[in-house]
Amino acid sequence: MEKHTIIPTSLVVRVVLFLALCQLSLAEKRTYIVHMAKSEMPAMFQDHTHWYDSSLKSVSDSAEMLYTYNNVIHGFSTRLTPEEAQAMETRPGILSVLPELRYELHTTRTPSFLGLDQNAAMFPESDSVSEVIVGVLDTGVWPESPSFDDTGLGPVPSSWKGECEIGTNFTKSNCNRKLIGARYFARGYEATLGPIDESKESRSPRDDDGHGTHTSSTAAGSVVSGASLFGYAAGTARGMAPRARVAVYKVCWIGGCFSSDILAAMDKAIADSVNVLSLSLGGGMSDYYRDSVAIGAFAAMEKGILVSCSAGNAGPSSYSLSNVAPWITTVGAGTLDRDFPAYVSLGNGKNFSGVSLYRGDSLPGKLLPFVYAGNVSNVTTGNLCMTGTLIPEKVKGKIVLCDRGVNPRVQKGSVVKAAGGIGMVLTNTAANGEELVADAHLLPATAVGQSTGEAIKQYLFSDSNPTATVLFEGTKVGIEPSPVVAAFSSRGPNSITAEILKPDLIAPGVNILAGWSGAVGPTGLAEDGRRVPFNIISGTSMSCPHVSGLAALLKAAHPDWSPAAIRSALMTTAYTAYKNGKLIQDVSTGKPSTPFDHGAGHVDPVSALNPGLVYDLGVEDYLNFLCALNYTSAQINSLARRNFSCEARKTYSVNDLNYPSFAVPLQAQMGSTGGVVVVQGPLWLNTREHSPT
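Right, here's the structure in full:
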């Protein structure tokens, strides 16, 4: 008779529970960035890498370092459970163990609008500009873009220490004397989301999204004649500093941009000797010593590198800013004086103006059936034209009115087209007001402001047989007033340090033409099979590289200027009023904008060349600023990579920072909810205000 071993039920339960806990522990692992106190390395270790590895193995035998950092911080990134991270933080020499954050992208006519073409002789000679290197952290680069043609450029600057990394669909030959370097960073991304799907994106510096090519060519793209998007905005495209060199650092992927990768890219960019860093991305707000971009920017500032960042696209809400550290130049978005009119003609004889970049078969030369999406849908949110919400039988052969919000504007048009619609009118809601953003829709479509949308809806709801058509009129320049603050541009006050007025300034960020990736259509939608060398898109992602490129010009003109001096020149010469004396408008309200919307004002590069007065700042000034925030020595070390103790007998004040503009928080009065109180406009100081020349 065969014998069987009987295992007690209690033991089985314990084993199953143990295995489940092991799986749970693995599932809980996430990426952490570990900040080390370099000066506390024990003498028994030959170098810092061995010390880092020993510290890591003391809490986790299986953990591996994703990156080691040498310039932006002293430390490394790794995957740990929360318990392991907590244990790591108690180890000797550990300053902080911070969880990784996910960041997002802040997604022709410009040189003329800014006065660069008319005043070209005032700017530095091409030889000096060609020594300046602009580093761009984004989605990579499409190297075949004509914006990276190196014709007429001399040898790569001798200061350059970077390289052109190879990878999927990218070789060293893709770099040249214009695009002098390209790297990619994916370890943090892959540690969290798994291996990159190379059927969807290239594991290399190649840009499969378009955003990175657009931002880098905006900052320093070469001069390209005959540029346009389907004939719109036709003319000569050029970056702000067309003779400057470009170095690209790919940190953003389909699943987002991860702080361990961003920090590694900034670390390399500093070692590569870039002169300007441009980051059109942002994440949630946190204290400076916990903010990877702020930490990396501090290290860059020490090396004389100006860091320009987008303010974010969360406007017009207050306290919606990203990237607010005072050593970062924070850029909001304004409009150009160019538009792309497309009119809605209604069956009652009324015509309304909108904007569009559609280029394709026109609608039939007659009025067509017109419906409101909310009335031809099977869900309560049908007015938003989201995927699968429209009823084809009620949409086929008709123009559909959709409300803006939730899903991308171009996707709404795709949804209408998929349901059989032949045209779309996209109307703003109160959140966007009268802001008009043009898109290269997949079907005849136009976008209109809120008030126009309400008038069109009134007709739709009152007429028993509403009809309409859409007419396109190409490109129009000389739009007034311009600039205006874009509704999407994130606003102050600064939620981390209210006294530091942010954004610093605004620059063109609406309907900007620049280079594009050959891997994706102008809408970015999978169903868009069109391919274009240039695209027109909007966001503070577009305004940021304008300032990055202008900073490169100022660096060439004044090589001895610090990042703070360059920012000061841009801010103190920015304008807050039009030539007629009226204040710059906020398109979301139709009223004059405030410094919490436009910062010091709209950038004026010609005036910035000779600002007269420059507010300079150095490392010691910023350290004193951190003392004013009551940061501990460990927190300062995490941020500034040095042992620094605030003097107990010294009084520190945020207001002592020699910043070009500042805000004054007022004490809440009885019955007030507190916060930053504004009485008859914000209380602030700017050393110089003037209208554009």
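Residues -27 to -1, 1 to 666 in mature numbering (1 follows the signal peptide of the UniProt record, and there is no 0) are what the sequence shown lists, from first letter to last. Glycine included, every Cβ here is placed at the ideal spot set by N, Cα and C.
Measure the beta-carbon distance from residue i to residue j and round it to whole angstroms, keeping in mind my assumption that it falls under 8 Å.
i	j	result
Trp115	Thr186	4 Å
Ala413	Val373	Contact flag wrong, Cβ pair sits at about 18 Å.
Val398	Val493	Not confirmed; about 26 Å, so no contact.
Leu340	Thr442	5 Å
Glu408	Ser561	6 Å
Gly482	Ala306	3 Å
Lys151	Arg218	7 Å
Asn484	Ala411	5 Å
Thr308	Ser251	Rounded, the Cβ-Cβ distance is 21 Å, inconsistent with contact.
Val388	Leu363	6 Å
Ser516	Ile479	6 Å
Thr448	Tyr205	5 Å
Ala238	Ala270	Rounded, the Cβ-Cβ distance is 12 Å, inconsistent with contact.
Leu71	Tyr5	6 Å
Might you give, ordered along the chain, the residues of its own chain that have their beta carbon closer than 6 Å to the beta carbon of residue i, omitting 5 neighbours on each side?
i	result
Val279	In the sequence on display, residue 279 carries Leu and not Val. The residues are Val249, Ala524, Pro536 and Ile539.
Cys230	Tyr76, Val224 and Leu254
Arg332	Phe203
Leu596	Phe617
Ser28	Arg64
With a Cβ-Cβ cutoff of 8 Å, do residue i and residue j count as a contact?
i	j	result
Ala392	Pro417	no
Lys2	Thr41	no
Cys225	Thr112	yes
Pro476	Gly563	no
Ser232	Glu73	yes
Phe445	Ser329	yes
Leu486	Val520	no
Leu526	Val129	no
Val587	Ser541	yes
Tyr261	Leu110	no
Pro314	Ser326	yes
Phe635	Glu472	yes
Thr400	Arg377	yes
Asn286	Gly512	yes
Thr191	Pro518	yes
Ser265	Leu236	yes
Pro584	Thr545	yes
Val368	Gly394	yes
Met213	Ala242	no
Tyr551	Gly574	no
Ser118	Pro506	yes
Lys145	Ile139	yes
Gly288	Phe49	no
Which same chain residues end up closer than 7 Å to residue i when comparing Cβ atoms and leaving out the 5 residues on each side of it in sequence?
i	result
Ala244	Asn44 and Lys134
Ala60	Val32
Gln(-5)	In this prediction, Gln(-5) has a pLDDT of 45, which is less than 50 and means its spatial position is unreliable; what the coordinates show is noted afterwards. No residues qualify anywhere along the chain.
Ile169	Ala159, Glu163, Arg176 and Trp226
Arg503	Gly494 and Pro495
By the DSSP assignment, the beta strand (DSSP E) with residue i in it spans what residues?
i	result
Cys375	Ile372 to Asp376
Asp111	Ile106 to Asp111
Thr302	Thr302 to Gly307
Tyr345	Leu341 to Tyr345
Thr567	Segment: none, Thr567 is in no beta strand (DSSP E) and carries neither H nor E.
Ile153	Leu152 to Tyr157
Leu399	Gly396 to Thr400
Leu71	Ile67 to Pro72
Pro314	Pro314 to Leu319
Span of the alpha helix (DSSP H) holding residue i?
i	result
Leu527	Thr513 to Ala530
Glu62	Pro55 to Glu62
Lys390	Arg382 to Ala391
Gly161	Arg160 to Leu166
Pro536	Pro536 to Thr545
Leu612	Ser606 to Ala613
Lys30	His21 to Lys30
Glu593	Val592 to Ala601
His187	His184 to Ala193
Ile364	Unbroken run through Ile364: none, as it is neither H nor E.
residue 672	What the structure shows of the chain is the stretch from -27 to 666, and residue 672 is not part of that stretch, so it cannot be assessed.
Between which residues of its own chain and residue i is the CB-CB distance below 8 Å, once the five residues before and five after are set aside?
i	result
Ser291	Arg464, Gly465, Pro466 and Phe569
His47	His8, Met9, Ala10, Lys11, His21 and Arg614
Val196	Thr209, Ala210, Arg211 and Pro215
Phe246	According to the sequence displayed, residue 246 carries Ser and not Phe. Answer for Ser246: Ile106, Ser132, Trp133, Lys134 and Gly135, listed in chain order.
Can you find a heavy atom of the ligand SAH that lies under 7 Å from the Cβ of residue i?
i	result
Ser251	Inclusion of the ligand SAH in the displayed structure is not the case, the ligand content being empty and no account of it being possible.
For this session: Mind listing, in chain order, the continuous alpha helix (DSSP H) runs of no fewer than 4 residues lying wholly within the region 409 to 470?
Result: As for any alpha helix (DSSP H) of minimum length 4 sitting wholly inside the region 409 to 470, the runs are 423 to 435, ordered along the chain.
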